[in-house]
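Written below as structure tokens is the structure these notes are about.
In the numbering used here, the protein residues as written are 10 to 111.
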């Protein structure tokens, strides 16, 4: 799992500040980027559980390092902060499902 975590964090760090700003400013753009990553994971044969763990790592990273830039992100951050580990994991599953349907 640590290798998977390192890969996710490495990808998060690869975005330059302008590209990160463009992704985070617009919730639809954020969903599109997350959806692209989920689709790539599915093509690599990752299970829904693995995809959710990846989404969980991204959410933890964003909660620690980024301020919400729109109402949707603010709501997600608030839900993330009040949730326990199990609830955060369920929310990660829901985010994966959200971008899979788009």
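Cβ coordinates follow ideal geometry from the N, Cα and C atoms, glycine included.
- If the five residues before and after residue 88 are omitted, its C-beta is found closer than 7 Å to the C-beta atoms of 100, all from its own chain and listed in chain order.
- For residue 45, the enclosing alpha helix (DSSP H) begins and ends at 36-52.
- Taking each of 74, 108, 76 and 65 in turn and checking the Cα distance to residue 93, the smallest one comes out for 65.
- The straight-line gap separating the alpha-carbon atoms of residue 67 and residue 84 is approximately 16 Å.
- Residue environment analysis places residue 52 among the exposed positions, since fewer than 16 neighbouring C-beta atoms fall within 10 angstroms of its C-beta.
- The beta-carbon distance between residue 61 and residue 98, rounded to whole angstroms, is 7 Å. This is short enough to meet the 8 Å contact definition.
- The region 54-94 is shown to contain whole alpha helix (DSSP H) runs of 4 or more residues at 57-74 and 80-91, in chain order.
- Excluding residues up to 5 positions away in sequence, 79 and 81 lie with their Cβ nearer than 6 Å to the Cβ of residue 36 in the same chain.
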